[in-house]
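J.: Residue numbers (the numbering used here), protein chains in the order written: chain E, 430 to 646; chain B, 430 to 646.
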DNA sequence: GTATTTGTGGATACGCCGTACGGTAGTGAG
DNA sequence: CTCACTACCGTACGGCGTATCCACAAATAC
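(1) May I ask whether a heavy atom of the ligand ATP can be found less than 7 Å away from the beta carbon of residue 435 of chain E?
(2) So residue 611 of chain B is in the alpha helix (DSSP H); what residue range does that whole segment cover?
(3) Taking Cβ positions only, does residue 496 of chain E come closer than 8 Å to chain B?
(4) Please return the same chain residues whose Cβ sits closer than 6 Å to the Cβ of residue 605 of chain B, not counting the five positions on each side in sequence.
(5) Who are the Cβ neighbours of residue 552 of chain B in its own chain at under 6 Å, not counting the five residues just before and after it?
(6) Considering Cα atoms alone, identify which of E:503, E:519, E:434 and E:501 is closest to residue 452 of chain E.
(7) Could you give the first and the last residue of the continuous alpha helix (DSSP H) run that contains residue 515 of chain E?
(8) Quick check: is the beta carbon of residue 569 of chain B nearer than 8 Å to any beta carbon in chain E?
(9) Report the three-state DSSP secondary structure of residue 600 of chain E (helix, strand or coil).
(10) What first and last residue would you give for the alpha helix (DSSP H) that runs through residue 548 of chain B?
(11) Would you call the segment 472–485 of chain E and the segment 532–542 of chain E in contact, with 3 or more CB pairs under 8 Å?
(12) Using beta carbons (cut-off 8 Å, strictly below), is residue 601 of chain E in contact with chain B?
(13) From the DSSP output, in three-state form, read off residue 641 of chain E for me.
(14) Can you list the residues of chain E that residue 631 of chain B reaches, using a CB-CB cut of under 7 Å?
(15) Would you please state the rounded distance, in angstroms, between the beta carbons of residue 574 of chain B and residue 525 of chain B? I believe it to be under 8 Å.
(16) What do you reckon, are the CB atoms on residue 641 of chain B and residue 510 of chain B nearer than 8 Å?
(17) Could you give the distance in angstroms between the alpha-carbon of residue 508 of chain E and the alpha-carbon of residue 516 of chain E?
(18) By DSSP, does residue 477 of chain B sit in helix, in strand, or in coil?
(19) Check distances from the C-beta atoms of the segment 436–464 of chain E to those of chain B and list, in chain order, the residues that come in under 9 Å.
(20) Which residues in the same chain have their Cβ closer than 6 Å to the Cβ of residue 494 of chain B, if we skip the five residues on either side of it in sequence?
(21) What's the C-alpha gap between residue 434 of chain E and residue 501 of chain E?
(22) Quick one: Cα of residue 456 of chain B to Cα of residue 431 of chain B, how far?
(23) Can you tell me whether residue 566 of chain E is buried or exposed? The criterion is at least 16 other CB atoms within 10 Å of its CB, across all chains shown.
(24) Buried or exposed: which applies to residue 635 of chain E, given that a residue is buried once 16 or more other Cβ atoms fall within 10 Å of its Cβ?
(25) Compile a chain-ordered list of the residues in the segment 523–544 of chain B whose CB is closer than 8 Å to at least one CB of chain E.
(26) Indicate whether at least one CB of chain B lies closer than 8 Å to the CB of residue 604 of chain E.
(27) Give the straight-line distance between the Cα atoms of residue 436 of chain B and residue 458 of chain B, rounded to the nearest whole angstrom.
(28) For residue 564 of chain B, which residues in chain E fall below 7 Å Cβ to Cβ?
(29) On the premise that residue 629 of chain B lies in contact with residue 490 of chain B, defined as a C-beta separation below 8 Å, what is that separation, rounded to the nearest angstrom?
(30) Quick one: Cα of residue 646 of chain E to Cα of residue 474 of chain E, how far?
(31) Taking any Cβ of chain E, which residues in the segment 612–624 of chain B have a Cβ under 7 Å from it, in chain order?
(32) If you draw a straight line from the C-alpha of residue 599 of chain E to the C-alpha of residue 477 of chain E, how long is it?
(33) Taking the alpha-carbon of residue 461 of chain B as reference, which of B:618, B:485 and B:444 has the nearest alpha-carbon?
(34) So with Cβ pairs under 8 Å, would you call residue 512 of chain E a contact of chain B?
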């Protein structure tokens, strides 16, 4: 097996998909590729660079769906592809936004996003554009991060109703019965069954409407 | 020095403020407190629990400003306090959204946020409320995360104009001169001088207007 | 042909990490 | 006095990222 940045990144992605970033180490990647750990340093400077490389591989997939005739369709496609990518590779959500993403595919997605936003009615100059890009990306980073966290929590505590009760745990039950958090209690008891994709889409639409100056459609 | 969860958390916060989460270890905390590392386990189950504790200490500060007569003023105060906290403790931005935050102070901030949002015109039922809470928190998590990342990048590359050019680095300069990323190039060259706080406030207002159904003021 | 240089790769080591485990000393109760 | 409990430390384990050195094979020079 010839070693390359691509094969290293692919092995790293397989391992991270299986065990999260905590389960990812250079030794494990090297073992999966049948080489010694120090071999990897011929191709990546350090672990941090490898993580950046993995992120850019995921951005390549997002970039594939980033071209649409309408600017709004482009933005929706990018946003949904970002969420899909994060759900397929949860480690991506852990890394997203935590470092500048400057790989070629990340730049391509950034370009597609910015170009689409520059066509929106409320984006009149470069300052408007920078704010709009910032707001959309802030929402995306936060939304996928929180959704992945929620999935992990659900996975570790179960998803059916009995497990849902057990999920509250003695601590949280106790806290919620103090009466100090009535709205949160209502949300937890009554609000736990919204469809995640619909929620994402609804909130994305709301945010988009606001930053682009185009009403809800 | 009597040991307690509070003293451990305070020492941990000092260390994390100084060296980030990478500079934080149980051995270092123990050394700072003049005890053996295993002592800490009398007070916290593991490192993860300690990180949760640190987050809740920061939420205590946010909770202090979370009570206002008007629901919108409450939301603005919470949002700005969250940003201020993240800028004062950058490690907070690294942790925010990455785990469920269930400490008493985090619950208090969550309650204040949800209670305020429940009074907004567009929030008519529990599902609306859940979506609104999700959207606002997504924006906050993403915005502070990205802003702290930007600060770190700036800090490591300098902030004056000469350093700004050097900041692009050979790689990024090369990428931007390919002509493949014209909008991004424009943003980088022309758009780099917006005030961070004003940007945050502008985008927060935009997002709030959208999710609460109350126009810009 | 031999000697030297270069390239590839692995082995070993270092300093650090979180945490398991065992032992010791001191204190209080019976 | 003995015993049980508590507080505490030391040692150790398995793992991490990465520095460094060495061995061997292939290529090059003479």
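We treat Cβ as the ideally placed atom computed from N, Cα and C, and that holds for glycine.
Just so it is clear, the structure is predicted and the values come from calculations on it, not from any experiment.
T.: On the basis of the data shown:
(1) What this structure holds is no ligand at all, so the ligand ATP is not there to describe.
(2) 611–619
(3) no
(4) The residues are 614.
(5) 546, 558 and 561
(6) E:519
(7) 500–517
(8) yes
(9) helix
(10) No alpha helix (DSSP H) holds residue 548 of chain B; DSSP gives it neither H nor E.
(11) yes
(12) yes
(13) When DSSP states are grouped into helix, strand and coil, residue 641 of chain E belongs to the helix group.
(14) 560
(15) 7 Å
(16) no
(17) 13 Å
(18) Note: residue 477 of chain B maps to helix in three-state DSSP.
(19) none
(20) 506 and 510
(21) 35 Å
(22) 18 Å
(23) Counting Cβ neighbours within 10 Å, residue 566 of chain E comes out buried, since at least 16 surround it.
(24) buried
(25) 523, 526, 527, 528, 529, 531, 533, 536, 537, 539, 540, 543 and 544
(26) yes
(27) 10 Å
(28) 632, 635 and 636
(29) A Cβ-Cβ distance of about 18 Å is found for the pair residue 490 of chain B and residue 629 of chain B, leaving them out of contact under the 8 Å criterion.
(30) Any answer about residue 646 of chain E is weak, because its pLDDT of 46 lies below 50 and its placement is not dependable; what the coordinates show is given next. Using only the alpha carbons, I get a separation of about 47 Å.
(31) 612, 613, 615, 616, 619, 620 and 623
(32) 39 Å
(33) B:444
(34) no
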